[in-house]
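Reviewing the structure listed below.
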Amino acid sequence: MEPILEVRDLDIAFESGKTLIPRTDKVSFSIQPGEIVCLVGESGCGKSITALSVLGLLSRQGRVTGGSIRLMGRELLDMTEKQLDEIRGRDATMIFQDIMYSLNPVFTIGNQLTEGIRRHMRLDKAAARERAVALLKRTGIPDAQGVMRKYPHQLSGGMRQRAMIAMALSCRPKLLIADEPTTALDVTIQLQIMELLRSLRDETGMAVLLITHDIGVVAEMADRVVVMYAGQCVEEADVRTLLASPAHPYTRALMQSVPGIDDDRSRRLYTIPGSVPEDYSHMEGCRFAPRCPHAQSCGCRPEYKPLREGHLVRCERAGEVQHG
Amino acid sequence: MQSSGFMPVVRRFCRHRLAVVSLFVLLILIFMAVAAPLIAPFAPTKPTGAFSKGPTLKNILGTDQVGRDVFSRLLYAMRSSLLVGFMATVISSAIGVVLGLVSGYFGGWIDKVIMSFTDMVMSFPYILLVLVAAAIFEPGLWSIILILGFVDWPGMARLVRGNVLSLRETNFVKSDRAAGMPRRYILFSEILPNTIAPVLVNATSIFAISILDEAALSYLGMGVQPPTPSLGNMLGGAESLTILTTKPWLWLPAGVTIIVLVTCINLVGDALRDALDPRNTLR
Numbered sequence: 405m406e407p408i409l410e411v412r413d414l415d416i417a418f419e420s421g422k423t424l425i426p427r428t429d430k431v432s433f434s435i436q437p438g439e440i441v442c443l444v445g446e447s448g449c450g451k452s453i454t455a456l457s458v459l460g461l462l463s464r465q466g467r468v469t470g471g472s473i474r475l476m477g478r479e480l481l482d483m484t485e486k487q488l489d490e491i492r493g494r495d496a497t498m499i500f501q502d503i504m505y506s507l508n509p510v511f512t513i514g515n516q517l518t519e520g521i522r523r524h525m526r527l528d529k530a531a532a533r534e535r536a537v538a539l540l541k542r543t544g545i546p547d548a549q550g551v552m553r554k555y556p557h558q559l560s561g562g563m564r565q566r567a568m569i570a571m572a573l574s575c576r577p578k579l580l581i582a583d584e585p586t587t588a589l590d591v592t593i594q595l596q597i598m599e600l601l602r603s604l605r606d607e608t609g610m611a612v613l614l615i616t617h618d619i620g621v622v623a624e625m626a627d628r629v630v631v632m633y634a635g636q637c638v639e640e641a642d643v644r645t646l647l648a649s650p651a652h653p654y655t656r657a658l659m660q661s662v663p664g665i666d667d668d669r670s671r672r673l674y675t676i677p678g679s680v681p682e683d684y685s686h687m688e689g690c691r692f693a694p695r696c697p698h699a700q701s702c703g704c705r706p707e708y709k710p711l712r713e714g715h716l717v718r719c720e721r722a723g724e725v726q727h728g
Numbered sequence: 017m018q019s020s021g022f023m024p025v026v027r028r029f030c031r032h033r034l035a036v037v038s039l040f041v042l043l044i045l046i047f048m049a050v051a052a053p054l055i056a057p058f059a060p061t062k063p064t065g066a067f068s069k070g071p072t073l074k075n076i077l078g079t080d081q082v083g084r085d086v087f088s089r090l091l092y093a094m095r096s097s098l099l100v101g102f103m104a105t106v107i108s109s110a111i112g113v114v115l116g117l118v119s120g121y122f123g124g125w126i127d128k129v130i131m132s133f134t135d136m137v138m139s140f141p142y143i144l145l146v147l148v149a150a151a152i153f154e155p156g157l158w159s160i161i162l163i164l165g166f167v168d169w170p171g172m173a174r175l176v177r178g179n180v181l182s183l184r185e186t187n188f189v190k191s192d193r194a195a196g197m198p199r200r201y202i203l204f205s206e207i208l209p210n211t212i213a214p215v216l217v218n219a220t221s222i223f224a225i226s227i228l229d230e231a232a233l234s235y236l237g238m239g240v241q242p243p244t245p246s247l248g249n250m251l252g253g254a255e256s257l258t259i260l261t262t263k264p265w266l267w268l269p270a271g272v273t274i275i276v277l278v279t280c281i282n283l284v285g286d287a288l289r290d291a292l293d294p295r296n297t298l299r
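Protein chains in written order, with our numbering: chain B, 405 to 728; chain Y, 17 to 299.
Structure (structure tokens):
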């Protein structure tokens, strides 16, 4: 099947004064229709900018310096802003982490929701309103009619995120990019929102690119997982394989640093020493080596290659790690 | 929680007693100015009797050096002063808002060009610029409106630009872009409504400043030209020391009116700032 989204060898760089600092290094992954792919990694490893670049929403200093992004077979990097506007909202759209300012504070929910529907679906006011109410109901908002008349500050965080999702889904996109959509919410609401996203996927068959740093969310949601570290993809596998036998030391470390419910009380929670280097663009060889318990003194230069069918790893000692 | 919208703003505004009184006074003065032809007992430019006579029952604020009724002139003077203030505010707000929006949203070289120009206008010795402009163009009501309008906008442009700079980074603007909304829509239908409150507050202070500037210019003879009365040129009589000390009815009414107008406008503006502040909505 043709993938909905295919990102290949994507290089993104950020301007700093007169120099360009590379932030991602040949990021590649693809998403099939109806699939939920999680993009996992620590803060500052390039997840969000990868997602933003798909819709051409990088901030002014950022630019794509190489690679290709194909949405349903069409190359997005060659498109003009006008052509992208036709794609955005209709074929692919995005929801964000910060729920405080994701809705315009001076307009009612109904007002904002119908605006997008009217633009993309060419409906009249009454029909757009009807669709907006139906969408709000679908996202689990109890008093949809009442919420239409409310301003964002009158809603709770969970309600706001639901309204955001309703807005994103208003034009039946084929790809939804969700950048840590539940980070600002408490755990019960987080679960509800995740369940909502998954049931919407089942219903509409849209693909979801979910960005998160929460392994729990990954286990709950993902069909396939792409792990990023310091601007590179380090591992990609379907969710079962990845959780059962992670092959990259970083993936392994990430999973070990999550407390388990039936952990031995005496188990000390694992932490990865150090943090993601601030400027990793000049690093030679394995970028995780300085923090890796398996690193060899020789300093290897691992390639991103298949360990077996459908399981890509960037580590020379992947086999050992997986079984050790 | 109460519903949002217009009513809470009114309620918060009403909490400022002084501002409510000011608004009331302002409305009365504006009414008197607008209805001047109905209220004024005499024509503002025609002599009515004795020269420079103190207040009598016939001329309640006395007569000026040419024998015109001061009260009637005052009413018409408020007309020109308020008109100058209002129109100058409208023009400079329009220029400032548009330049600020464009500059803040598009950034890059557009921003640099617009902001350098703004700084240039801002750093120019203001009263001198107005004087030169007034000397080049024929002085009069409309030329002073245009002059003030084209000089007062830099503050507004900077204010709007600053607001847009922070608004364009918010997620609702990003969401709009992710939803494929056109730039024009984002700029005018999403960002602009969010800057209305500070713009309105800033406009009131431009209004007050314009009235003062009009008075200053007309006093210097570069503004509204006699015999058309304005608050500024009515003060002209105070140049002479004898008038200043012995004939207060010639300058006191205009002077007091300016003070009252400007104070009221500023008080209303202050209350408006509090009333429109979104951080107050939670209280």
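Each residue gets a CB set at the ideal place from its N, CA and C atoms; glycine is no exception.
Contact residues of the segment 184-205 of chain Y toward chain B are Glu185, Thr186, Asn187, Phe188, Val189, Lys190, Ser191, Asp192, Arg193, Ala194, Ala195, Gly196, Met197, Pro198, Arg199, Tyr201, Ser205 (C-beta to C-beta distance below 9 Å). For the 7 Å CB-CB criterion, Gly120/Y and Arg177/Y form a contact. A Cβ of chain Y is located within less than 7 Å of the beta carbon of Arg492/B. In this structure, Val662/B sits away from His698/B, with a CB-CB distance that is not shorter than 7 Å. Where Ala567/B is concerned, the enclosing alpha helix (DSSP H) starts and stops at 561-573. In the pairwise beta carbon analysis, the segment 39-52 of chain Y is classified as touching the segment 83-101 of chain Y: at least three pairs are separated by under 8 Å.
Taking a beta-carbon distance threshold of 7 Å, Met659/B does not count as an interface residue toward chain Y.
Counting along the chain, Val638/B sits inside the beta strand (DSSP E) bounded by residues 636-642. Not a single C-beta of chain Y is nearer than 7 Å to the C-beta of Asp547/B.
Note that the C-beta distance between Leu251/Y and Ile259/Y is not below 7 Å.
With a beta-carbon spacing of about 5 Å, Cys442/B and Val629/B fall inside the 8 Å limit used to define contacts. Secondary structure at Asp482/B: coil, using DSSP grouped into helix, strand and coil. Proximity of the segment 614-630 of chain B to the segment 597-604 of chain B meets the contact definition, three or more beta-carbon pairs being nearer than 8 Å. Burial is judged here by how many other beta carbons sit within 10 angstroms of a residue's own beta carbon; Trp158/Y has fewer than 16 and is exposed. Neighbours of Asn210/Y across chain B, judged by C-beta separation under 9 Å: Asn508, Pro509, Val510. Taking the Cα positions, Ala634/B is about 40 Å away from Ser132/Y.
Nearest C-alpha to Met632/B among Gln594/B, Gly450/B, Glu584/B: Gly450/B. Residue pairing by DSSP puts Ala496/B in a beta bridge opposite Arg492/B, Leu579/B. The residue from Arg533/B, Tyr505/B, Thr454/B, Met552/B with its alpha-carbon nearest to that of Val431/B is Thr454/B. Flagged as an interface residue toward chain Y: Thr497/B, by a C-beta distance shorter than 7 Å. Contact annotation: Leu462/B and Ile473/B have beta-carbon atoms that are not nearer than 7 Å. Cβ proximity to chain Y below 9 Å picks out Leu461, Ser463, Arg464 from the segment 461-476 of chain B. Nearest CB-CB separation between Leu595/B and chain Y: not below the 7 Å threshold.
Under the Cβ distance rule, Asp489/B counts among the residues neighbouring chain Y, one pair being separated by less than 7 Å. Within chain Y, the residues Ala195, Gly196, Met197, Pro198, Tyr201 have their CB atoms less than 9 Å from the CB of Arg523/B, given in chain order. Rounded to the nearest whole angstrom, the C-alpha separation of Leu292/Y and Ile581/B is 35 Å. In the DSSP assignment, His715/B is bridged to Arg712/B.
If you check each beta-carbon in the segment 639-672 of chain B against every beta-carbon of chain Y, none falls closer than 9 Å. At least 7 Å separates the beta-carbon of Arg695/B from that of Ile665/B. When secondary structure is reduced to three states using DSSP, Phe511/B falls in the coil class, being assigned neither helix nor strand. For Glu410/B, the pairing in a beta bridge is given by DSSP as Ser434/B, Arg474/B. Per DSSP, Leu228/Y is one residue of the alpha helix (DSSP H) stretching across 208-235. Residue contact check for Asp502/B against chain Y: a CB pair falls below 7 Å.
Ser246/Y places its beta carbon less than 7 Å from that of Ser96/Y.
DSSP places Ser463/B in the coil class of the three-state scheme, outside both helix and strand. Between the C-alpha atoms of Val537/B and Ile593/B there is a straight-line separation of about 21 Å.
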